[in-house]
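Top to bottom, those sequences are chains A and B. Under numbering that gives the first Met the number 0, think of the first position of the first sequence as 0, with each following residue one higher. Under numbering that gives the first Met the number 0, think of the first position of the second sequence as 0, with each following residue one higher. Heads up, the beta-carbon is just placed ideally off N, CA and C, and yes, glycines get one too. Bear in mind that the values here come from a model prediction, so they are computed numbers and not experimental data. For reference, the structure discussed in these notes is given below.
2 protein chains.
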Amino acid sequence: MSISKRKLMILKAIIDDYIMTGTPVGSRTLAKREDMHISPATIRNEMADLEEEGYLEQPHTSAGRTPSDKAYRLYVDTLMNVSTLNAEEIEFLQHYLNTKVNQVNNVIEATAQVLSEMTNLTSLVLVPQLEKTEIKRIQIVKISLNKALVVLIFNTGTVKDVLITVPSEMEDSHLENISNWLTELVVNKRLEEAMKQVKYFAKGDLKEHKVFAEQLLGAVLKNLHAQAGKDVVLGGAKNIFNHPEYQNVDKAKRFLALLETKDTLYKILAANNDMEFTIRIGRENAIPELKNMSVITATYRISNEKIGTFGVIGPTRMDYARILSVLHCMSSSMNEIFMHSLEPEDNNYENNGYGSNNGKGK
Amino acid sequence: MSISKRKLMILKAIIDDYIMTGTPVGSRTLAKREDMHISPATIRNEMADLEEEGYLEQPHTSAGRTPSDKAYRLYVDTLMNVSTLNAEEIEFLQHYLNTKVNQVNNVIEATAQVLSEMTNLTSLVLVPQLEKTEIKRIQIVKISLNKALVVLIFNTGTVKDVLITVPSEMEDSHLENISNWLTELVVNKRLEEAMKQVKYFAKGDLKEHKVFAEQLLGAVLKNLHAQAGKDVVLGGAKNIFNHPEYQNVDKAKRFLALLETKDTLYKILAANNDMEFTIRIGRENAIPELKNMSVITATYRISNEKIGTFGVIGPTRMDYARILSVLHCMSSSMNEIFMHSLEPEDNNYENNGYGSNNGKGK
DNA sequence: ATTAGCACTCTACAATATCGAGTGCTAATT
DNA sequence: AATTAGCACTCGATATTGTAGAGTGCTAAT
């Protein structure tokens, strides 16, 4: 059972209007639009049908209609006009990112900021995921009598450190040797491979290194897993107040509480599942607290490997078309930056913006 | 011209009451307190005087009085009863911190969380300040053809990294040599000393190293300075909603906007100036946006050196006595943790909590 | 010097009225 | 058969009014 062309037209008009104004859309206001050549009464009839089919909702009997999650889903899948940023906006975005290229983390934070600024929403950026990055160096440095810092340096420019306890009689030079030996053993490997490698290799030779190295990597893995939730950078939390839906202090508070439980945010972003773009509307989100929110995410790459996710979160009433275009642009800009800053010899990368293969969710 | 004993008693009662309830205090309610043996009318007269002297304010003619900044200042300096945490609270606090000792940054974040939880305010923690920490190791690692990561490891367990460009023909082994040479040159020095040392030492010998090392350290310094503002960790931003003063969405928004400009927060905390404790009430804060807020800070130590600052921010109506006791307890706990985790051989550290030398601000 | 008494002020809150945008239904029109 | 005009009705938003309560300053009595 498909919906008539006219119904779709009306539905689109309602959603467009509602996204712009935030107030429930009535038949009269809708009929006033110049491209509407039908009377309010007709619209009312169609609206009643659309409501029955689950596309529209009514806050109360004498209010206009608001789109349901189902309507938004239809909208993003087939109805909306895809938009592109204008030159100034692209310029702004790129300029902003390009001033921060000297540190991976700065790029991440700049991304969060500019993203929230351009969308007027709260942005989330997942830092490069370690499972996909290669170890470049492991360095163990003694910083006090029996404490040492294990520092891991990855090919993405990410640095991780874990504090461990070492026997106080262990000397710097010995730790240095272990560092070098370990590095040689696991260089250009990913973290889990590295662990396997150490277990396997260390079995036979170098017995005195083996135990220590295994313990050490075990501690590192444990700690890095434990702090996975910390790897989400936020931007524009205050933007939530710009939306009339959140003028209610209590709602705003709940939203901010959500943002403080970073594990949840991590789950939200990690659910992206390597899709180039995902859109989750209202109850499509696995997390019940998000039933009135939508999450749109995109991936970014370092050296052509999908290595992280970023996106925005906000009320289901959001300008999906614009946000998607911002994410598109952002995604290519980030990829370009990481390309240039980490692999400048390879300049003929493919254009991966504004493509057609946006694998939208569900 | 000093204030009579009775006036002080009344003022203290008003402040205590206002801190508890948040509603302007009237003469009748005050007279009902059992320890008040004077009539409402008398209190009214005294109140009128106190208002004239600038200690009390009236929201409108027929409301009760509220304390002014001046009153709070008098309160924290001489009037309030100092309190201490009960055993459960101390237990809670220490337990919370002790589960996070395996990474310096975790301790910092745990501090922010537990601090905001125990005070019901927004907490700020400044990470260890590099100016006071010693370099333990400098490691340069090539992560792509012409990019390398400079990683600095400090005695406090802090790790900093900066991305630099290197000539693509430069080999790993050469960078390794420079790393070792540099480390040897600057180990156990602070960052600025290190810079001087490199400039001085490199003048004569090792010409090929000199230019590179100087450029490198220059880039590092520049970048670390640029990101100084990032070194503030926040906790409990949402707590602002618990205060009736911030039920107004607009005010809450402005507060959150303030929290997003970390430079400001950095200034707030850095203004602590190595005082063990500081209290800044309302307009005592240099920043005009804080005219209705108070900031209370404390310092923490690593290896007995004052190395960072933490504190809370909230409406001037806050429970100064309780917050100070939380900060006291927190300060000793943190010092203890860093002592144990970094210098476990030295167990007879001095008790530095609940002392009398709290150098309060102004 | 202190307090009782009193007229006055101002906010918060509840009750009431009004307006306007929107609806569903029915009957007339195309 | 589809569309539209007309109409009675609903409901939230807003303004108006009245009332209760907590507080004040002033004056006169203690």
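Counting C-beta pairs with one atom in each stretch, the segment 106 to 125 of chain B and the segment 224 to 240 of chain B have three or more that are closer than 8 Å, which means they touch. At a Cβ-Cβ threshold of 7 Å, B:Ile152 and B:Leu181 do not count as neighbours.
Counting only runs that start and end inside the segment 223 to 264 of chain B, the beta strand (DSSP E) elements of at least 3 residues fall at 231 to 234. Distance from the Cα of B:Ser143 is smallest, within the candidate group B:Ser330, B:Ile2, B:Val248, B:Val165, for B:Val165. Shown here, B:Glu283 sits in a helix according to DSSP, grouped into three states. Of the candidates B:Ile278, B:Asp34, B:Gly217, B:Ile14, B:Ile278 places its Cα closest to the Cα of B:Leu323. For A:Val149, no chain B residue has a C-beta closer than 7 Å to its own C-beta; the minimum C-beta separation is roughly 10 Å.
With a 10 Å radius around the Cβ and a threshold of 16 neighbouring Cβ atoms, A:Val210 comes out exposed.
Around the beta carbon of A:Lys31, fewer than 16 other beta carbons sit within 10 angstroms, so the residue counts as exposed. By the neighbour-count criterion, in which a residue is buried when 16 or more other Cβ atoms sit within 10 angstroms of its Cβ, B:Asn334 is buried. Contiguous beta strand (DSSP E) elements confined to the segment 297 to 347 of chain A occur at 304 to 314, taking only those with 3 or more residues. With at least 16 other beta carbons inside 10 angstroms of its own, B:Gln112 counts as buried.
If you check each beta-carbon in the segment 161 to 187 of chain B against every beta-carbon of chain A, the ones closer than 7 Å belong to Val161, Leu162. With a contact defined as Cβ atoms closer than 8 Å, A:Ser178 and A:Ile139 qualify at about 5 Å. A check of alpha carbon separations from B:Arg300 across B:Arg282, B:Arg321, B:Ser332, B:Ala285 identifies B:Ser332 as the nearest. About 6 Å separates the CB atoms of A:Leu148 and A:Leu162; that is less than 8 Å, so the two are in contact. Taking the beta carbon of B:Ala251 as reference, the chain A residues within 8 Å of it are Phe240, Val248, Ala251, listed in sequence order.
The beta carbon of B:Asp68 is closer than 6 Å to those of Ile280, Gly281, Arg282 in its chain, skipping five residues each way along the sequence. In this structure, A:Lys11 sits near A:Leu78, with a CB-CB distance shorter than 7 Å.
Annotation for B:Arg43: the continuous alpha helix (DSSP H) segment containing it runs 39 to 51. The C-beta of A:Ala256 comes closer than 7 Å to at least one C-beta of chain B.
What B:Gln226 touches in chain A, judged by beta-carbon distance under 8 Å, is Gln102, Asn105, going in chain order. The secondary-structure analysis by DSSP pairs A:Glu56 across a beta bridge with A:Thr65. Sixteen is the threshold: when 16 or more other Cβ atoms of the shown chains lie within 10 Å of the Cβ of A:Glu45, as they do, the residue is buried. Within chain A, no residue has its beta carbon less than 9 Å from that of B:Ile9; the closest one is some 34 Å off. With fewer than 16 neighbouring CB atoms inside 10 Å of its own CB, B:Asp273 falls in the exposed class.
The straight-line gap separating the alpha-carbon atoms of B:Thr118 and B:His242 is approximately 12 Å. DSSP lists B:Lys141, B:Ile163 as the beta-bridge partner residues of B:Ala147. A straight line joining the alpha-carbon of B:Asn271 with that of A:Glu304 spans about 45 Å. At a cut-off of 7 Å between C-beta atoms, A:Gly25 does not count as an interface residue with respect to chain B. Within the same chain, Cβ atoms closer than 7 Å to the Cβ of B:Arg64 are found at Ile13, Pro23, Val24, Met46, Glu50, Leu55, Glu56, Gln57, the five residues on either side in sequence being excluded. With contacts defined by Cβ atoms closer than 7 Å, A:Lys141 and A:Leu96 do not form a contacting pair. Judged by DSSP secondary structure, B:Leu10 falls within the alpha helix (DSSP H) whose first and last residues are 4 to 20. Judged by DSSP secondary structure, A:Val106 falls within the alpha helix (DSSP H) whose first and last residues are 103 to 118. A distance below 7 Å separates the beta carbons of A:Tyr319 and A:Val75. DSSP, reduced to helix, strand and coil, places A:Lys135 within a strand of the structure shown.
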